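Here is the structure we will look at.
Numbering (full-length UniProt numbering), first residue to last: 1 to 361.
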């Protein structure tokens, strides 16, 4: 039968979002309805609105969310009504070649709810990253719900659903940052600053934050960066080398995702060092590097998908660190806003004024 709630919809490319009445179906087999408590405003939502992901309009935006399971469908055993959960876009299948090889964090067949949420006229909605959480309630696959400590703040916990997890995981999982390492992070928005925090959690001895905005660099320092470099006025490659004894960093994380920043990351690493790309490029971008330099410098060139996280493993552990005061997720919540202010939050995000605006219901 379903129920009707309010949600934020992008109807057309580049058009301002609108508040619409959304019909949320009752959960079918393997599905869950979640009452959303908080949802972060992520760059990915803006990419959806701008048509940068695909053209399957209209979109129900929002995906960085936490809330309480309201009801579940047949066969659901991993969560139950009343559970406090973080929503994720990596509901692993358990059957693909990655899962069967014991690497579910790379699952190639993640799944979403089979039923569609709709506008009140019956138009089917495409939920952002299969979640659609700028809504009072949303329908997801039960595997997209990760149960965590209910004492955690929903506004902070929900950020693990995308950007903060991407940055933390780029350092901890993909990059394998370790005790005593030198780590450079290029781009200090929400994802980049989360990578700074991840490097600190790993025990890195030297954490170098690189950006063109002194405000973002100040935030990076407050979150654990030991050094900062403004690449608008200073060559970041030379600066990173100077700060690492002339060698370059053990790990360099590109949280921007442009050819220029990737090249900086490539040359700012030590011999046999690691580059991790976690910033998302656009389709037209191309990279030109001398193949001899790729060979001669050795090491690893990696891409980080969702911080190579496994939500069932990583979310509860990170929430425990948050509850212990060892991971300051609250620092990423720049402001809390009502559902009606999502469009304004996109504008603030575009100008770099916030790490995260968070819709709180």
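Even for Gly, the Cβ is constructed at its ideal location relative to N, Cα and C.
Please read all numbers here as calculations on a predicted model, not as lab measurements.
>> Bridge partners for residue 147 per DSSP, in chain order?
In response: The residue labelled residue 147 in the question sits at position 147 within the chain shown. DSSP, once it has assigned bridges, lists 85 as partnering residue 147.
> Counting only runs that start and end within the segment 140 to 192, where is the alpha helix (DSSP H) found for 4 or more residues in a row?
Replying inline: Entirely contained in the segment 140 to 192, the alpha helix (DSSP H) runs reaching 4 residues are, in chain order, 154 to 157 and 163 to 169.
> To which residues of the same chain is residue 105 closer than 7 Å at the C-beta, ignoring the five residues directly before and after it?
Replying inline: By one-based count along the chain shown, residue 105 stands at place 105. Counting only Cβ-Cβ distances below 7 Å, and skipping sequence neighbours, we find 308, 309 and 310.
>> I believe residue 23 touches residue 117 by the beta-carbon criterion, under 8 Å. Please report the beta-carbon distance rounded to the nearest angstrom.
In response: Stepping through the chain shown from its first residue, residue 23 is reached at position 23. Stepping through the chain shown from its first residue, residue 117 is reached at position 117. In this structure residue 23 touches residue 117 by the C-beta definition: roughly 6 Å separates them, less than 8 Å.
> Alpha carbon to alpha carbon, what distance is there between residue 93 and residue 99?
Replying inline: Here residue 99 refers to the residue found at position 99 of the chain shown. Here residue 93 refers to the residue found at position 93 of the chain shown. Those two C-alpha atoms are separated by around 7 Å.
>> For a quick check, are the C-beta atoms of residue 265 and residue 254 less than 8 Å apart?
In response: As a working note, residue 265 is residue 265 in the chain shown. As a working note, residue 254 is residue 254 in the chain shown. It is a contact, given that the beta carbons lie within the stated cut-off.
> Is the beta carbon of residue 358 sitting closer than 8 Å to the one on residue 145?
Replying inline: Residue 358 sits at position 358 when you count from the first residue of the chain shown. Residue 145 sits at position 145 when you count from the first residue of the chain shown. No; because the gap between Cβ atoms is not below 8 Å, this pair is not in contact.
>> I'd like the span of the alpha helix (DSSP H) that includes residue 110, first residue to last.
In response: Stepping through the chain shown from its first residue, residue 110 is reached at position 110. Careful: residue 110 lies outside any alpha helix (DSSP H) and carries neither H nor E.
> How many angstroms separate the CA atom of residue 175 from the CA atom of residue 149?
Replying inline: Mapped onto the chain shown, residue 175 falls at position 175. Mapped onto the chain shown, residue 149 falls at position 149. Each residue's Cα considered, the two are about 27 Å apart.
>> Am I right that residue 232 and residue 212 are in contact with their C-beta atoms under 8 Å? What's the rounded C-beta distance?
In response: Position 232 of the chain shown holds residue 232. Position 212 of the chain shown holds residue 212. So it is a contact: roughly 4 Å between Cβ atoms.
> In whole angstroms, what is the alpha-carbon distance linking residue 341 and residue 8?
Replying inline: Residue 341 sits at position 341 when you count from the first residue of the chain shown. Residue 8 sits at position 8 when you count from the first residue of the chain shown. So the two alpha carbons sit approximately 10 Å from each other.
> Looking only at C-alpha atoms, which of 191, 198, 190 and 188 sits nearest to residue 182?
Replying inline: What you label residue 182 is simply residue 182 of the chain shown in a count that begins at 1. Taking only the C-alpha atoms, the option nearest residue 182 is 198.
> By Cβ distance, which residues of its chain are closer than 7 Å to residue 10, with the 5 residues on each side in sequence left out?
Replying inline: Taking the chain shown and counting its residues from 1, the one referred to as residue 10 is at position 10. 17, 48, 49, 57, 58, 59 and 61.
> Which partner residues does residue 209 have in the DSSP bridge list?
Replying inline: Translated into positions along the chain shown, residue 209 becomes position 209. According to DSSP, residue 209 bridges with 185 and 228.
> If we count Cβ pairs, one from each stretch, closer than 8 Å, do we get three or more for the segment 273 to 285 versus the segment 216 to 232?
Replying inline: no
>> Under DSSP, the alpha helix (DSSP H) around residue 222 begins and ends at which residues?
In response: The residue you call residue 222 lines up with position 222 of the chain shown. Where residue 222 is concerned, the enclosing alpha helix (DSSP H) stretches over 214 to 222.
> residue 208 and residue 194 look like a contact to me (Cβ under 8 Å); what is the Cβ gap, rounded to whole Å?
Replying inline: Locating residue 208 in the chain shown gives position 208, counting from the first residue. Locating residue 194 in the chain shown gives position 194, counting from the first residue. Not really, about 16 Å apart at Cβ, beyond 8 Å.
> Looking only at C-alpha atoms, which of 291, 281 and 133 sits nearest to residue 260?
Replying inline: Position 260 of the chain shown, counted from the first residue, corresponds to residue 260. Checking every option, the nearest Cα to that of residue 260 belongs to 281.
> In or out: residue 95 buried (at least 16 other Cβ within 10 Å) or exposed?
Replying inline: Your numbering for residue 95 matches position 95 in the chain shown. Flag for residue 95 reads exposed.
> Going by other Cβ atoms of all chains shown within 10 Å of its Cβ, with 16 needed for buried, is residue 315 buried or exposed?
Replying inline: Looking up residue 315 in the chain shown gives position 315. Result: buried.
>> Distance check for residue 75 and residue 348, CA to CA, integer angstroms please.
In response: Within the chain shown, the letter at position 348 stands for residue 348. Within the chain shown, the letter at position 75 stands for residue 75. Roughly 42 Å separates the two Cα atoms.
> Under three-state DSSP, which class holds residue 302?
Replying inline: The residue you call residue 302 lines up with position 302 of the chain shown. Strand, per DSSP.
>> If distances are taken between C-alpha atoms only, which option among 136, 248, 214 and 25 comes closest to residue 63?
In response: The sequence position of residue 63 within the chain shown is 63, counting from 1. The option with the nearest alpha carbon to residue 63 is 136.
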